[in-house]
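Undergrad: Following this message is one structure expressed as structure tokens.
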Amino acid sequence: MTTLSRADLIAHAEAWIRDWNAHDMDAVIAPWAEDGVFISPVAAAVTGNPVIQGKAALKAYWQGALKRAGGLHFTPLSLQVDPETQSLLVHYHSRASARQVRAAELMVFEEGKQVRGEAFYGAEMP
Numbered sequence: 003m004t005t006l007s008r009a010d011l012i013a014h015a016e017a018w019i020r021d022w023n024a025h026d027m028d029a030v031i032a033p034w035a036e037d038g039v040f041i042s043p044v045a046a047a048v049t050g051n052p053v054i055q056g057k058a059a060l061k062a063y064w065q066g067a068l069k070r071a072g073g074l075h076f077t078p079l080s081l082q083v084d085p086e087t088q089s090l091l092v093h094y095h096s097r098a099s100a101r102q103v104r105a106a107e108l109m110v111f112e113e114g115k116q117v118r119g120e121a122f123y124g125a126e127m128p
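Start counting the sequence shown at 3; every next residue gets the next number (the numbering used here).
Structure representation (structure tokens):
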């Protein structure tokens with residue numbers, strides 16, 4: 003059984019920010035389980051469904067998001083790590099084109115792979 007340590011979870015969060023900022027979709031999607039589930043209000047607005055199921059569907063959705071979100075950049079604000087539940091919450095400032103929001107992403111792992119993710123967005127910032 004693969005259990006991620008606190009250090010592993012922190013390293014994942016750091017890589018997640020770095021990989022998104024590099025727009026490296028292969029690196030972003032690599033930690034995901036094949037049947038992973040992602041929930042997002044943005045997915046609901048774009049696809050009509052807030053749930054994206056499966057690694058391939060998630061990669062396709064995020065590749066489209068990168069095309070729509072010109073200049074996407076995340077700045078980390080804080081991190082909550084819980085090795086007992088194999089979860090982490092990344093709180094960050096998201097900038098895409100002229101839109102800026104504070105956001106958070108919950109990530110849950112099983113056997114060292116991300117099986118669930120959920121994005122939360124705050125109000126737009128000037």
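Cβ atoms here follow ideal geometry from the backbone N, Cα and C, with glycine treated the same way.
Could you tell me whether the region 82–91 touches the region 10–22, where touching means 3 or more Cβ pairs closer than 8 Å?
TA: Because the criterion of three Cβ pairs below 8 Å is met, the region 82–91 and the region 10–22 touch.
Undergrad: Check Q88 in the structure and name its three-state DSSP category.
TA: It is coil, neither helix nor strand.
Undergrad: Mind checking whether M27 and K57 have CB atoms under 8 Å apart?
TA: Not a contact, by the Cβ cut-off of 8 Å.
Undergrad: For V53, count neighbouring Cβ atoms within 10 angstroms of its own Cβ and tell me buried if that reaches 16, exposed if not.
TA: Classification for V53: exposed.
Undergrad: The beta strand (DSSP E) spanning D37 covers which residue range?
TA: First-last of the beta strand (DSSP E) with D37: 34–41.
Undergrad: Could you give the distance in angstroms between the alpha-carbon of V48 and the alpha-carbon of W64?
TA: Near 11 Å, if we compare the C-alpha coordinates of W64 and V48.
Undergrad: Mind checking Q116: buried by the 16 CB within 10 Å criterion, or exposed?
TA: That one is buried.
Undergrad: One question on the structure: do Y2 and F76 come within less than 8 Å of each other, judged by their Cβ atoms?
TA: This structure cannot settle anything about residue 2, because the visible part of the chain is limited to 3 through 128.
Undergrad: Pull up the CB-CB distance for A71 and A98, whole angstroms please, since I reckon it's below 8 Å.
TA: The pair is a contact, with the Cβ atoms about 4 Å apart (cut-off 8 Å).
Undergrad: Is M3 helix, strand or coil when you go by DSSP?
TA: Three-state DSSP puts M3 in coil, outside helix and strand.
Undergrad: In terms of DSSP beta bridges, what is S80 paired with?
TA: DSSP output for S80 lists H93 as bridge partner(s).
Undergrad: What are the partner residues of A106, as DSSP defines its beta bridges?
TA: DSSP, once it has assigned bridges, lists H93, F122 as partnering A106.
Undergrad: Based on Cα-Cα distance, which residue from A106, S7, Q102, F111 lies nearest to L91?
TA: Of the listed residues, the one whose Cα sits closest to L91 is A106.
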